[in-house]
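Engineer: Before I ask anything, let me first share the structure, which is written out below as C-alpha cells.
Numbering (this note's numbering), first residue to last: 21 to 326.
What follows is the structure in C-alpha cells.
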C-alpha cells in the first residue's frame, strides 16, 4: 500500500489495497459512502475517508458494473460468470439484501443503466446482446442484437428515448428500447469502444445533447447522437478505459490504462488537470457531487481531488 503522504502529494486523498482488483464502483445516493465491487463481493466504504464499513456477498462471481436506482433505494450489480452466464442482481439499499437475480445472457454483463423513471434497466453483455428488463420483476421486455462483438458499456440518452451501446465491434449504436430497432450507428472509432456516457441535463436549454466515448484507439470523442455527428476528438498518451461527465457537465473525467485520471474541458477536450492514481490500470470510476472522484483498479481504491 502506498503511504498516505505519498498519495496526498499526487493529489490522491486516500489509497487502499485490495485482495482482488476493484472492477466496479458507485457513490451512495447521499454521497457519504462508496460501494465497490470485485471478485470478493461488495464492500462499503466511508467517504471521503474510504474506511471499510461492511462487506457483502452476491450471486456474481465477477462484478463489472454498479448502478443505483434513481430513487436511491436499490443497487444493480452486473457481471456473472465468464462464457457461462450474465447476471444482474438487484439489492436493497442500504441493507444490500438480494431482492432479485436475473440471468440475462450467455456471457458477462459489462454495461448497466437505469431508465430515468426507475421502471426499467438495460444491460449489455460480452455475448454481443443488449436487453431491457422491468425493474419490479426482472422480466425481459426487449432484446437488441445489433452488435457483432461484446458490448462493454451503454447509457440512456438524456431524454430517455434511446439507448447508446458501445462495443468491441468499434461502433456506438443508438437504438430504441421500446422497439429494439437500430436508429443510428456512430462508427468513427477504429478500435474497441470501451465506454459511453451521456451528458447530464443542464439548465441551459440551448445546450446540445452530447455523448462522450473512449476507445482502445486512444481517443476520447464527443458526439451529437441525434445528428450522428462527431463534434470533436482528442488522442491521449494512454488508452482511456472510462469516461464520465463531471457534476456540472462542463468536464469529462477519464481513467486510463496507466493509472492516470484526466479532467478534460468538455468544449475543447483540452486536458485541464491530471493525477496519478497509484492503483495500476483503472477499471472503474465515479464522480461525487462535489467534483471529487473515486477510482478502482488493479491495486485497490483511491480518491482523487480535481
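The C-beta atom is built at its ideal place from N, Cα and C for all residues, glycine as well.
#1: Can you name the start and end residues of the beta strand (DSSP E) that residue 151 belongs to?
#2: Would you kindly report the start and end of the unbroken beta strand (DSSP E) that includes residue 295?
#3: Can you round the beta-carbon distance between residue 274 and residue 263 to whole angstroms, since I take them to be within the 8 Å contact cut?
#4: Under DSSP, the beta strand (DSSP E) around residue 144 begins and ends at which residues?
#5: Evaluate the contact criterion for the stretch 185–203 versus the stretch 165–173: three or more CB pairs, one atom per stretch, below 8 Å.
#6: With DSSP collapsed to three states, give me the class of residue 238.
#7: So for residue 265, helix, strand or coil by DSSP?
#8: Start and end of the beta strand (DSSP E) containing residue 317?
#9: Between which two residues does the beta strand (DSSP E) holding residue 285 run?
#10: Using alpha carbons as the reference points, say which of 146, 237 and 156 lies closest to residue 120.
#11: Which of helix, strand or coil does DSSP assign to residue 177?
#12: Cα-Cα, which of 109, 105, 185 and 316 is closest to residue 207?
#13: Excluding the 5 residues flanking residue 61 on each side, which residues of the same chain have their C-beta closer than 7 Å to its C-beta?
#14: Classify residue 268: buried if its beta carbon has 16 or more other beta carbons within 10 angstroms, exposed otherwise.
#15: For residue 132 versus residue 85, is the C-beta spacing smaller than 8 Å?
#16: Can you give the Cα-Cα distance for residue 288 and residue 235, rounded to whole angstroms?
#17: In or out: residue 57 buried (at least 16 other Cβ within 10 Å) or exposed?
#18: In this structure, what does DSSP give as the bridge partners for residue 205?
#19: May I have the straight-line CA-CA distance separating residue 154 from residue 305, to the nearest angstrom?
#20: I need the DSSP call for residue 76, collapsed to helix, strand or coil.
Structural biologist: Once the coordinates are examined:
#1: On the chain shown, position 131 is the one that residue 151 refers to. Start and end: 150–154.
#2: Locating residue 295 in the chain shown gives position 275, where the first residue counts as 1. Looking at the DSSP string, the run of the beta strand (DSSP E) that includes residue 295 is 291–296.
#3: Taking the chain shown and counting its residues from 1, one reaches residue 274 at position 254. Taking the chain shown and counting its residues from 1, one reaches residue 263 at position 243. The pair is a contact, with the Cβ atoms about 5 Å apart (cut-off 8 Å).
#4: Here residue 144 is taken as the residue at index 124 of the chain shown, counted from 1. Looking at the DSSP string, the run of the beta strand (DSSP E) that includes residue 144 is 140–145.
#5: yes
#6: Residue 238 sits at position 218 when you count from the first residue of the chain shown. Residue 238 falls in the coil class under three-state DSSP.
#7: On the chain shown, residue 265 is found 245 positions in, with the first residue counted as 1. In this structure, residue 265 counts as strand in the three-state DSSP scheme.
#8: Residue 317 sits at position 297 when you count from the first residue of the chain shown. Residues 313–317.
#9: Taking the first residue of the chain shown as 1, we reach residue 285 at position 265. First-last of the beta strand (DSSP E) with residue 285: 280–285.
#10: The residue you call residue 120 lines up with position 100 of the chain shown. Nearest C-alpha to residue 120: 156.
#11: On the chain shown, position 157 is the one that residue 177 refers to. Three-state result, residue 177: coil.
#12: The residue labelled residue 207 in the question sits at position 187 within the chain shown. Measuring from the Cα of residue 207, the nearest candidate turns out to be 185.
#13: Counted from its first residue, the chain shown places residue 61 at position 41. Only 75, 76, 77 and 78 meet the Cβ criterion.
#14: As a working mapping, residue 268 is identified with position 248 in the chain shown. Residue 268 should be labelled exposed.
#15: Taking the first residue of the chain shown as 1, we reach residue 132 at position 112. Taking the first residue of the chain shown as 1, we reach residue 85 at position 65. Against a cut-off of 8 Å, the Cβ pair of residue 85 and residue 132 comes out as a contact.
#16: To locate residue 288, count along the chain shown from 1; it is residue 268. To locate residue 235, count along the chain shown from 1; it is residue 215. If you take the alpha carbons of residue 288 and residue 235, they lie about 18 Å apart.
#17: Walking along the chain shown from the start, residue 57 turns up at place 37. Buried, because 16 or more other Cβ atoms sit within 10 Å of the Cβ of residue 57.
#18: Stepping through the chain shown from its first residue, residue 205 is reached at position 185. In the DSSP output, where bridge partners are listed per residue, residue 205 has 193.
#19: Here residue 154 corresponds to residue number 134 of the chain shown, with the count starting at 1. Here residue 305 corresponds to residue number 285 of the chain shown, with the count starting at 1. Rounded to the nearest angstrom, the two C-alpha atoms are 26 Å apart.
#20: By one-based count along the chain shown, residue 76 stands at place 56. DSSP places residue 76 in strand when its eight states are reduced to three.
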